[in-house]
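The next block holds one structure in the form of structure tokens; read it before the comments.
2 protein chains.
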Amino acid sequence: MTSISAAALQNALDQIRAVVGPTGILTEASDMAPYLAEWRGRFKGNSPAVVRPANTEEVAAVVRICADAGIPIVPQGGNTSLVGGSIPYEEGREIVLSLSRMNRVREIDPLNYTMTVEAGVVLTSVQNAAAEVDRLFPLSLGAEGTAQMGGLISTNAGGINVLRYGNTRDLVLGLEVVLADGRVWDGLRRLRKNNTGYDLKNLFIGAEGTLGIVTAAVLKLFPRPRQSITAFVAVPSPAAAVELLARLRAASGDAVSAFELMSRRCLDFALKHVAGTIDPLSDPSPWYVITELTAGTQSDAFQETVETALGEAFEAELATDATLAQSETQAKQLWFIREAIVEAQKFEGGSIKNDVSVPVSRVAEFIDLAEAAVAKACPGIRPTPFGHVGDGNIHFNLSQPEGADSAAYLARWDEICHVVNAVIFALDGSISAEHGVGRFKKDEMPTIKGPVEFDLLRAVKATLDPNGLLNPGKMLP
Amino acid sequence: MTSISAAALQNALDQIRAVVGPTGILTEASDMAPYLAEWRGRFKGNSPAVVRPANTEEVAAVVRICADAGIPIVPQGGNTSLVGGSIPYEEGREIVLSLSRMNRVREIDPLNYTMTVEAGVVLTSVQNAAAEVDRLFPLSLGAEGTAQMGGLISTNAGGINVLRYGNTRDLVLGLEVVLADGRVWDGLRRLRKNNTGYDLKNLFIGAEGTLGIVTAAVLKLFPRPRQSITAFVAVPSPAAAVELLARLRAASGDAVSAFELMSRRCLDFALKHVAGTIDPLSDPSPWYVITELTAGTQSDAFQETVETALGEAFEAELATDATLAQSETQAKQLWFIREAIVEAQKFEGGSIKNDVSVPVSRVAEFIDLAEAAVAKACPGIRPTPFGHVGDGNIHFNLSQPEGADSAAYLARWDEICHVVNAVIFALDGSISAEHGVGRFKKDEMPTIKGPVEFDLLRAVKATLDPNGLLNPGKMLP
């Protein structure tokens with residue numbers, strides 16, 4: 001990436017201002033600050049301007065101006081990915097292109113089970129708009145009140161309902177994308193079936209803004225469930241949890257929409273630090289599962305099915321205790337535990353985080369091997385594994401040894417992550433299950449991918465962004 | 001495409017024979033014949049050799065030899081697509097690379113709900129292997145006893161369960177692909193979540209063998225349903241059918257796995273020509289639906305739900321009569337009708353076929369407009385629309401006017417298809433919903449795609465197959 005002259009930059013910014021108007025461009029440091037760091041403060045950057053176009057035509061015009069001037073662009077949504085993909089680098093050469101003003105729901109078609117939204121629509125707004133027409137948009141994750149659809153699509157976000165409804169990729173029927181040269185690809189198709197040509201849509205989904213800028217999308221909607229059962233189950237081991245999941249899926253006809261594993265230490269931290277957390281069961285267990293099953297019809301039979309399956313799990317020693325929420329309030333209390341364990345880790349000193357996945361059948365093996373490996377590298381380290389075991393996706397977070405120095409512990413971040421990653425590689429897993437690569441893991445890419453796949457990735461990048469102006473230095477080193 | 005000398009060709013074939021052995025290469029016209037035409041006889045071609053490698057290494061070696069010699073390759077599976085994508089051209093420059101000997105199931109992991117298969121495994125074998133471990137592989141279509149997984153993946157095949165389980169694309173977790181230069185991309189991942197890099201997998205799925213040769217795949221499995229309800233419903237119109245579908249989906253919690261619409265004429269043809277076809281209802285109706293709903297648990301409540309929803313549909317005048325199969329035999333009788341209507345069209349003279357899709361909410365509008373348009377172009381023409389209305393995918397087939405000359409009618413194929421396509425374009429639909437482009441529809445691609453998307457498709461092709469040796473002249477003109 002070569003720098004352009006100050007005069008050329010100023011000229012381009014003037015042109016951009018003419019396109020987006022004075023409210024569409026921020027150049028004061030104080031105005032730009034929220035766009036130049038993510039909320040944890042782990043990634044920070046600099047930029048000559050934050051540009052906030054109001055519609056697709058403005059995005060296209062801005063990209064054309066930048067392409068002509070050679071100015072790189074960092075597209076930004078809600079800025080919640082945690083891997084730094086939406087934050088510019090320190091050098092301050094890239095403009096930030098925020099999609100947040102493009103926040104219209106363009107169309108809802110309940111009969112076609114689709115909704116067309118702009119990139120800047122926040123996830124909770126999508127969920128609510130679907131509910132208003134008695135439909136479900138199933139994507140759900142911690143940052144849903146801030147995360148924007150464009151970013152969720154560009155990072156192929158996961159969340160708690162992947163088991164039943166798939167990743168964001170599976171929820172998108174069509175896309176509108178501004179290409180690196182400023183042309184607009186109108187792929188806003190509302191079709192369930194269309195076998196004409198290569199699947200460009202999936203190339204842009206999960207590309208972290210490095211191949212094009214997603215400006216709108218057609219989303220799939222689903223019927224809303226009519227009955228929901230939430231259970232908190234004590235299990236003796238991760239292996240038992242995986243077997244329990246397979247039994248629940250089979251017995252319920254794939255009605256399991258969420259299945260979250262957590263260790264006792266996770267619960268202990270939450271009970272200690274987060275007000276409102278309850279321990280739903282009387283005796284402690286080394287592992288727990290929170291699971292939700294949903295059905296389209298309200299029937300006693302569904303509840304009986306779940307109770308019978310849990311009863312059989314007790315007999316098979318796959319579970320030792322369980323409680324079923326008797327009301328929506330109780331269900332919320334159980335799900336609150338899942339949120340509290342994320343929050344609680346902040347109060348136990350440094351926490352090194354790994355967002356990893358393995359085949360579901362190898363989750364237990366992964367946790368055993370990884371716990372042993374990190375204990376060897378750092379005696380006293382306190383693993384707090386939790387996550388979407390139904391997708392094989394474990395947030396293998398590691399709290400520092402009690403009484404250790406936080407800064408010294410966190411300085412070992414890369415080293416400890418490499419210990420975890422070695423286990424992941426041995427089990428054919430992924431070192432970024434749902435958060436993406438961003439700035440954070442890009443240097444691992446040649447190793448993860450091997451020479452053939454890495455060549456293919458670079459060839460795709462060179463084809464769609466030959467001048468390397470779209471989110472440079474993200475995802476690929 | 002330039003020809004190579006006879007000596008260079010012979011030299012390459014000798015090298016190929018050394019790789020695959022004498023049983024792996026066919027050069028006699030009589031041996032090659034089944035590989036050079038599809039079963040309807042619509043597409044025929046010539047070839048210097050049909051090569052049948054036994055494993056991925058042999059495929060890679062053959063591709064390297066062809067790449068060096070400049071010999072184009074037509075990959076071939078079960079040869080059932082009906083659009084000529086797997087048939088070489090008449091000039092006889094391309095070798096046919098049949099994957100049929102690569103027919104091993106490499107691995108089944110019931111706990112991970114995955115199966116790894118080679119490209120040549122026939123679809124029914126995959127379905128059976130899944131059933132043996134109490135799992136479901138939901139892809140199901142007419143040609144399932146012949147179609148091979150590599151071809152199904154390369155054409156992103158659809159079928160009757162797309163509504164519930166998605167297209168083939170949605171059923172694939174990982175791929176192994178031999179690239180145009182003979183390198184092997186090992187993307188056989190068994191992960192539900194893996195956000196590292198661009199989605200190469202979906203680029204090869206549905207690419208009709210023009211970007212690489214699929215040699216193996218990791219497939220998603222599902223729990224087997226425990227209860228199935230099949231209903232044959234008389235509906236007054238396609239619009240009523242679409243509304244009925246939305247109600248059934250909502251009432252049953254998305255338990256509708258198939259929902260097939262057909263006109264009375266379809267049923268009449270089947271009753272007249274196909275022995276064993278029954279008319280399940282006493283009074284004739286202009287339109288019918290065959291639908292299947294499945295549940296994970298056996299319960300009376302499920303049956304009651306469906307009956308209640310149908311009762312409400314009668315009151316809302318969305319349906320006029322219905323019968324529910326009382327046994328598996330009865331269910332098979334109802335589904336036999338769906339198969340018989342395809343067969344029956346052969347006996348009514350020439351039939352011009354359109355595999356099209358529109359948003360589900362526009363199916364009724366499409367049928368009305370398209371019937372009017374073709375009647376104007378060809379008075380007396382007899383439309384026999386049927387198909388997967390839940391996906392917006394209608395097989396808009398058109399039997400000749402009674403007593404017309406078959407050959408003269410079929411000579412108007414392109415003209416009549418263009419009349420249908422004009423309606424499809426007006427409704428934002430697709431002119432190839434599930435069969436693909438192949439040789440048949442490639443010349444439509446610039447029109448369908450528009451300049452931006454067509455440029456992108458060509459750029460992708462040029463990146464992955466720079467010398468244009470993989471299935472040349474298919475999909476893209």
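Sequence lines, in order, name chains R and L.
Residues in the first sequence are numbered from 1 upward in steps of one, following UniProt numbering.
Residues in the second sequence are numbered from 1 upward in steps of one, following UniProt numbering.
The C-beta atom is built at its ideal place from N, Cα and C for all residues, glycine as well.
Cβ of residue i within 8 Å of Cβ of residue j?
{"i": "Gly206/R", "j": "Thr155/R", "result": "yes"}
{"i": "His395/L", "j": "Lys441/L", "result": "no"}
{"i": "Glu94/R", "j": "Ser47/R", "result": "yes"}
{"i": "His388/R", "j": "Glu260/R", "result": "yes"}
{"i": "Thr80/R", "j": "Thr146/R", "result": "yes"}
{"i": "Ile258/R", "j": "Trp287/R", "result": "According to the sequence as given, residue 258/R is Ala; it is not Ile. No."}
{"i": "Ala340/L", "j": "Thr384/L", "result": "no"}
{"i": "Ala67/R", "j": "Leu469/R", "result": "yes"}
{"i": "Thr297/L", "j": "Gly209/R", "result": "no"}
{"i": "residue 501/R", "j": "Ala322/R", "result": "Residue coverage of chain R in this structure runs from 1 to 477, which leaves residue 501/R outside it and unanswerable."}
{"i": "Ala216/R", "j": "Leu191/R", "result": "no"}
{"i": "Ser351/L", "j": "Ser399/L", "result": "yes"}
Identify whether residue i lies in helix, strand or coil by the three-state DSSP scheme.
{"i": "Ala309/L", "result": "helix"}
{"i": "Glu260/R", "result": "strand"}
{"i": "Arg412/L", "result": "coil"}
{"i": "Phe232/R", "result": "strand"}
{"i": "Phe440/R", "result": "coil"}
{"i": "Gly182/R", "result": "coil"}
{"i": "Tyr288/R", "result": "strand"}
{"i": "Lys44/R", "result": "strand"}
{"i": "Gly187/L", "result": "strand"}
{"i": "Phe137/R", "result": "coil"}
{"i": "Met1/R", "result": "Residue placement at Met1/R is poorly supported in this model, since its pLDDT is 48, which falls under 50; the coordinates are not used for a value here."}
{"i": "Ala372/R", "result": "helix"}
{"i": "Gly387/L", "result": "strand"}
Going by beta carbon distance, what residues of the same chain come within less than 8 Å of residue i, once the five residues before and after it are set aside?
{"i": "Leu244/R", "result": "Val233, Val235, Val289, Ala313, Leu318, Ala319"}
{"i": "Leu141/R", "result": "Leu123, Ala147, Ala157, Gly158, Gly159, Ile160"}
{"i": "Arg183/R", "result": "Ala60"}
{"i": "Pro359/R", "result": "Gly392, Leu427, Asp428, Gly429"}
When you compare the CB of residue i with every CB in chain L, is at least one pair closer than 8 Å?
{"i": "Gly436/R", "result": "yes"}
{"i": "Thr463/R", "result": "yes"}
{"i": "Pro472/R", "result": "no"}
{"i": "Pro53/R", "result": "no"}
{"i": "Gly159/R", "result": "no"}
{"i": "Asn112/R", "result": "yes"}
{"i": "Leu203/R", "result": "yes"}
{"i": "Met1/R", "result": "Unreliable placement is indicated for Met1/R, whose pLDDT of 48 sits below 50; the coordinate value is still reported in the next sentence. It does not: the Cβ of Met1/R has no partner Cβ on chain L nearer than 8 Å."}
{"i": "Ser406/R", "result": "no"}
{"i": "Glu453/R", "result": "yes"}
Can you list, in chain order, the residues of its chain whose CB lies under 6 Å from that of residue i, leaving out five sequence neighbours each side?
{"i": "Gln15/R", "result": "Ile65"}
Spell out whether any CB of chain R is found under 8 Å from the CB atom of residue i.
{"i": "Asp391/L", "result": "yes"}
{"i": "Ala6/L", "result": "no"}
{"i": "Gly311/L", "result": "no"}
{"i": "Glu38/L", "result": "no"}
{"i": "Ser257/L", "result": "no"}
{"i": "Lys193/L", "result": "yes"}
{"i": "Asn79/L", "result": "no"}
{"i": "Tyr198/L", "result": "yes"}
Can you tell me where the beta strand (DSSP E) with residue i in it begins and where it stops?
{"i": "Ala217/R", "result": "213–220"}
{"i": "Arg322/R", "result": "It is Ala, not Arg, that sits at residue 322/R in the sequence shown. Its beta strand (DSSP E) spans residues 321–324."}
{"i": "Val117/L", "result": "114–118"}
{"i": "Asn393/L", "result": "393–399"}
Anything in chain A within Cβ reach of residue i, meaning under 8 Å, just list it in chain order.
{"i": "Asp134/R", "result": "Judged by its chain identifiers, the structure shown contains no chain A, and its protein chains are R and L."}
Output the boundary residues of the alpha helix (DSSP H) element that contains residue i.
{"i": "Gly450/R", "result": "445–464"}
{"i": "Phe204/L", "result": "200–204"}
Closer than 7 Å by C-beta to residue i: which residues in its own chain qualify, once you throw out the five before and the five after it? Chain order, please.
{"i": "Ala8/L", "result": "Ala69"}
{"i": "Arg364/L", "result": "Per the sequence shown, the amino acid found at residue 364/L is Ala instead of Arg. The answer, listed in chain order, is Ser237, Pro238, Ala239, Val242."}
Heavy atom of the ligand SAH less than 7 Å from the Cβ of residue i, yes or no?
{"i": "Val184/L", "result": "What this structure holds is no ligand at all, so the ligand SAH is not there to describe."}
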